[in-house]
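Taking it in order: structure first as structure tokens, then the write-up.
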Amino acid sequence: MADPNMTFHLTGPVQADLPAVARPITDPEERRRVMEAVTRNWRAEDRFETFYRHSPLVEVTFPAPAVRGAA
1166 MADPNMTFHL TGPVQADLPA VARPITDPEE RRRVMEAVTR NWRAEDRFET FYRHSPLVEV
1226 TFPAPAVRGA A
């Protein structure tokens, strides 16, 4: 990933542009844990292997905003 920094746009009732950072999830065990939860939640356990092998997966985090007056 060349640049993990991004802007996460909220466009529903709450509108905002939030600075965020993306981290690719490439560790096989971490991918397995996440995809097991995703396929279970979507009731798609029968498609777990397809999701696990072929789906891109990233974690998006939102850095804490700077506190004014902090030294």
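In this note's numbering, the protein residues as written are 1166 to 1236. From the three backbone atoms N, C-alpha and C, an ideal C-beta is built for every residue, glycine too. Values in this document were obtained by computation on a predicted structure and should not be read as measured data.
Kindly indicate which three-state DSSP category residue 1166 falls into: helix, strand or coil? Within the sequence shown, residue 1166 is the residue found at index 1, counting from 1. In the structure shown, residue 1166 adopts coil according to DSSP, grouped into three states.
Pull up the CB-CB distance for residue 1217 and residue 1188, whole angstroms please, since I reckon it's below 8 Å. Here residue 1217 refers to the residue found at position 52 when the sequence shown is read from its first residue. Here residue 1188 refers to the residue found at position 23 when the sequence shown is read from its first residue. Their Cβ separation, rounded to whole angstroms, is 18 Å, which puts residue 1217 and residue 1188 out of contact at 8 Å.
Are residue 1181 and residue 1228 close, meaning C-beta to C-beta below 9 Å? The residue given as residue 1181 occupies position 16 in the sequence shown. The residue given as residue 1228 occupies position 63 in the sequence shown. No, the Cβ-Cβ distance between residue 1181 and residue 1228 is not below 9 Å.
If you run the structure through DSSP and keep just helix, strand and coil, what is residue 1211? For the purposes of this step, residue 1211 is taken as residue 46 along the sequence shown, with counting starting at 1. In this structure, DSSP gives residue 1211 a helical state, which the three-state scheme calls helix.
Secondary structure of residue 1227, DSSP reduced to three states: Within the sequence shown, residue 1227 is the residue found at index 62, counting from 1. Coil.
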